Amino acid sequence: MAAPAPASADVSVPSFDLSSAPVLAAAGGSSEQPLSDQRLQGDWIRQRFLHPPSDWRIEAESNAEAPSGPPPSVPAVSVGPSSASPSASVWAPQEPAGGRASHPDATARRPLTPAAVLVPLLPTPQGLGVLLTVRSNRLRHHPGQIAFPGGRLDPEDASVTDGALREAAEEIGLARHQVQVLGNLPGMATGTGYWVNPVVGLLDAAVQPQSLVLSPQEVQEAFVVPLAFLMNPANHQRRLGRWQQDGQLIQRAFHAMPWQAPAGHTYFIWGATATMLRNFYHFLAA
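Going by UniProt numbering, the letters in the sequence shown line up with residues 1 to 286, in that order.
Pasting the structure below:
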């Protein structure tokens with residue numbers, strides 16, 4: 001099953017190229033700094049999950065409705081509101097890696113479908129990278145967009161981690177023994193109707209993106225972005241999409257992290273995927 005649509009807009013997402021949307025500002029302003037080399041190491045990240053900060057900022061999709069309660073049969077830790085900003089929350093430590101899905105607070109509007117994604121960290125000679133996918137053009141929703149491997153939880157999934165690993169195996173042929181789960185990030189609502197639980201995993205250094213067996217129905221490409229690039233706030237953007245819908249001007253702000261590969265192609269990482277990476281930055285920077 002394909003990962004939840006990584007859109008920053010709702011199901012009526014516009015058909016124009018959002019990479020042309022104007023940049024509002026750097027997402028973190030001028031106060032945020034790139035992570036140190038130490039914090040980009042697998043051992044340091046593992047220790048951060050074992051000893052998480054007591055509180056840190058969580059950003060949300062600007063247009064995602066808050067659900068009216070936890071998804072069915074997935075009780076876990078709540079994420080409460082913070083006084084820092086309307087779009088921020090205070091993180092409460094998650095259950096161990098195999099724990100059930102986290103759920104939002106009670107300020108809800110509608111139920112969302114529980115889902116999980118794997119945030120795969122791949123050791124490379126240049127340092128850790130993040131393995132991302134390009135959604136297949138055969139998919140009905142958001143074909144060709146950037147996403148983590150993952151999808152909605154199935155009834156037989158014993159945990160969020162189980163669901164994320166199952167989806168990664170189905171989509172990109174990543175075997176479970178090739179993933180060392182480090183921990184879970186807080187779940188987040190998306191404008192496409194999902195409550196997504198990110199599971200961070202450190203991959204076996206022997207994993208080669210070009211050797212992965214991709215499901216052609218779901219994934220057309222897998223590629224690796226340096227973690228140092230993604231954890232540098234100078235590369236985090238807030239953009240504004242504008243389009244006409246039913247005679248009205250619709251505006252949506254969204255996160256974006258465009259990355260130009262060495263070969264020259266630009267991958268436009270945006271929406272929920274970019275927001276989860278922003279939250280990973282906050283978690284490691286706190």
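Even for Gly, the Cβ is constructed at its ideal location relative to N, Cα and C. These numbers come from a predicted model, not from an experiment.
Nearest-angstrom beta carbon gap, residue j and residue i [assumed within contact, 8 angstroms]
i           : j           : result
residue 150 : residue 181 : With 8 angstroms as the limit, residue 150 and residue 181 do not qualify as a contact, their Cβ atoms being about 13 angstroms apart.
residue 116 : residue 160 : 5 angstroms
residue 247 : residue 61  : Not confirmed; about 25 angstroms, so no contact.
residue 153 : residue 114 : 5 angstroms
6 angstroms CB neighbourhood of residue i in its chain, flanking five on each side removed
i           : result
residue 157 : 163
residue 121 : 128 and 202
residue 138 : 217
residue 241 : 18, 21 and 252
residue 250 : 243
residue 260 : 266
residue 224 : 122, 129, 131 and 209
residue 198 : 117, 119, 185 and 276
residue 173 : 212 and 213
residue 268 : 19 and 258
residue 32  : 233
residue 44  : 38
Beta bridge counterpart(s) of residue i as assigned by DSSP
i           : result
residue 25  : 238
residue 197 : 116
residue 255 : 238
residue 181 : 201
residue 38  : Answer by DSSP bridge pairing: none, since residue 38 is not bridged.
residue 243 : 250
residue 134 : 146 and 221
residue 188 : 196
residue 123 : 128
residue 260 : 266
residue 176 : Paired residues: none, contrary to the question.
The alpha helix (DSSP H) enclosing residue i, as first and last residue numbers
i           : result
residue 47  : 42-50
residue 274 : 271-285
residue 166 : 160-172
Closest by C-alpha distance to residue i, when choosing among the options
i           : options               : result
residue 208 : 132, 19, 50 and 45    : 132
residue 125 : 144, 286, 41 and 185  : 41
residue 252 : 238, 277 and 260      : 238
residue 52  : 113, 186 and 176      : 186
residue 23  : 264, 256 and 273      : 256
residue 204 : 224, 177 and 214      : 177
residue 38  : 48, 31, 174 and 206   : 48
residue 30  : 175, 274 and 234      : 234
residue 220 : 148, 197, 275 and 166 : 148
residue 195 : 276, 171 and 183      : 276
residue 183 : 170, 175 and 165      : 165
residue 175 : 145, 206, 146 and 188 : 206
residue 171 : 193, 189, 188 and 222 : 222
residue 272 : 32, 59, 215 and 263   : 59
Where the beta strand (DSSP E) through residue i begins and ends
i           : result
residue 222 : 219-226
8 angstroms Cβ shell around residue i - same chain, five flanking residues per side excluded
i           : result
residue 35  : 228, 231, 232, 281, 284 and 285
residue 167 : 1, 3, 116, 117, 118, 149, 150 and 151
Cutoff 7 angstroms; reference residue i; Cβ partners in own chain excluding five residues on either side
i           : result
residue 56  : 91, 282, 283 and 286
residue 236 : 26, 27, 28, 255, 257 and 278
residue 12  : Low local confidence applies: a pLDDT of 45 at residue 12 is under 50, so the model's placement there is unreliable, with the coordinate-based value given in what follows. Correct list, in chain order: 245.
residue 274 : 255, 256 and 257
residue 144 : 134, 135 and 137
residue 226 : 126, 127 and 129
The ligand ATP heavy atom lying under 6 angstroms from the CB of residue i
i           : result
residue 166 : In the structure shown, the ligand ATP is absent, as is every other ligand, since no ligand is present at all.
Within-7 angstroms CB hit, residue i to chain C
i           : result
residue 253 : Among the chains in the structure shown there is no chain C, since it carries only a single protein chain.
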